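Undergrad:
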Amino acid sequence: MKKTAFVTGANKGIGIEIVKQLGEAGWKVILGARSAERGEAAVSELTSKGLDIEFVQIDMVDLKTIEQAADTINKNYPDLKLLINNAGMPGAFSRSFTDTKEEDLRKAFEVNFFGTFRLNQRLFPLIKHNEGTIVNVSTDMASLDHMQNAEFTLNAFDYNSSKTANNAMTLSMAYEVKNSSAQVFAVTPGFTSTDLNGNTVGGKSKETAAAIIVGYATDGKRHNGEFLDEKGVYAW
Ligand SMILES: NC(=O)c1ccc[n+]([C@@H]2O[C@H](COP(=O)([O-])OP(=O)(O)OC[C@H]3O[C@@H](n4cnc5c(N)ncnc54)[C@H](OP(=O)(O)O)[C@@H]3O)[C@@H](O)[C@H]2O)c1
């Protein structure tokens, strides 16, 4: 029987590639996007390739749509095996702590932390029941070890700290399922040229980034409580 996955922020960038690769691997995928127009366009593109993709609208800053999306999934897709929390935004990608504006910090937290928290709380029971997997998409720059030791980092306090908080959520959830077959872990795709960073040159392709996330999500190994990059375990 086909397995079902839900991917947020999946109308473009790494997200749509995750959906495509899961679909090609035989999954039914629910493609989440905040814009019905952009989401349905992405679904059409993928279904025209013969993939089994359905659309659910979800805006990570709008509690009503999060509740509706979670209700739809709990009701219509009770066999959900995989949730990939991919939706993300950079705040203003602040250049330093000093330059960070509280407004941008709040915007980044609203999507990357609170929105993801709200969705996770509503789908965690189903994933636990189905002994499934939740992947919280993170970033190298959220790692406190990286912040402390990297010779060079983008000191984007708004974006980075919202993903550090997301990492703490991953560990809290993982602790709760440590004695079960369900699992929760974080993956950083690493620097990837997408709209998130103004398609800065030098990053990996969206296909390569998605393959890292899909690889860990479907390799059949237990990754509960890990933070992973393309090479393996990454320091929190
Ligand atoms: N690119 C990198 O170098 C990099 C590195 C490490 C981690 N990541 C992470 O990878 C994930 C995907 O990012 P990307 O690089 O593919 O960026 P992207 O191309 O900008 O895609 C981001 C996706 O998130 C969606 N999104 C933004 N705000 C949302 C909201 N309020 N509600 C629902 N969806 C929302 C966007 O929808 P719209 O089209 O409607 O804006 C879009 O579908 C993010 O979590 C990011 O933090 C990226």
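The opening position of the sequence shown corresponds to residue 1 in my numbering, with each subsequent residue numbered one higher.
The beta-carbon is built from N, C-alpha and C at its ideal position, and this holds for glycine as well.
Quantities reported herein were computed from a predicted structural model and do not represent experimental measurements.
Hey, would you say the C-beta of F191 is under 8 Å away from at least one heavy atom of ligand 1?
TA: Checking every heavy atom of ligand 1 against the Cβ of F191, one is found closer than 8 Å.
Undergrad: I66 and R122: beta carbons closer than 9 Å?
TA: Contact: yes.
Undergrad: Work out the CA separation of F97 and E24 for me, nearest whole Å.
TA: The straight-line gap from Cα to Cα measures roughly 42 Å.
Undergrad: If you draw a straight line from the alpha carbon of Y77 to that of K128, how long is it in whole angstroms?
TA: Looking at the two C-alpha atoms, the distance is approximately 14 Å.
Undergrad: Going by C-alpha distance, which of A211, G203 and L126 is nearest Q183?
TA: Considering only alpha carbons, the answer is L126.
Undergrad: Determine, using beta carbons only, whether S193 and S181 come nearer to each other than 9 Å.
TA: Cβ atoms of S193 and S181: not closer than 9 Å.
Undergrad: Out of I84, N11 and G203, state which residue places its alpha-carbon closest to the alpha-carbon of E37.
TA: The shortest Cα separation from E37 among I84, N11 and G203 belongs to N11.
Undergrad: Can you tell me where the beta strand (DSSP E) with G237 in it begins and where it stops?
TA: Beyond the ends of the chain as shown, which are 1 and 236, falls residue 237; an answer cannot be given.
Undergrad: Taking 8 Å as the cut-off, is the CB of L196 close to at least one heavy atom of ligand 1?
TA: Yes; taking the cut-off as 8 Å, the Cβ of L196 has a heavy atom of ligand 1 nearer than that.
Undergrad: Would the C-beta of N11 count as close to ligand 3, meaning under 8 Å from any of its heavy atoms?
TA: Among the ligands present in this structure, namely ligand 1, ligand 3 is not found.
Undergrad: I'd like the span of the alpha helix (DSSP H) that includes D104, first residue to last.
TA: Looking at the DSSP string, the run of the alpha helix (DSSP H) that includes D104 is E102 to F109.
Undergrad: Ligand 1 heavy atoms versus the CB of M242: any closer than 8 Å?
TA: The chain is shown only over 1 to 236; residue 242 falls outside these bounds and no answer can be derived.
Undergrad: Grouping DSSP H, G and I as helix and E and B as strand, with all else coil, what is V43?
TA: Helix at V43.
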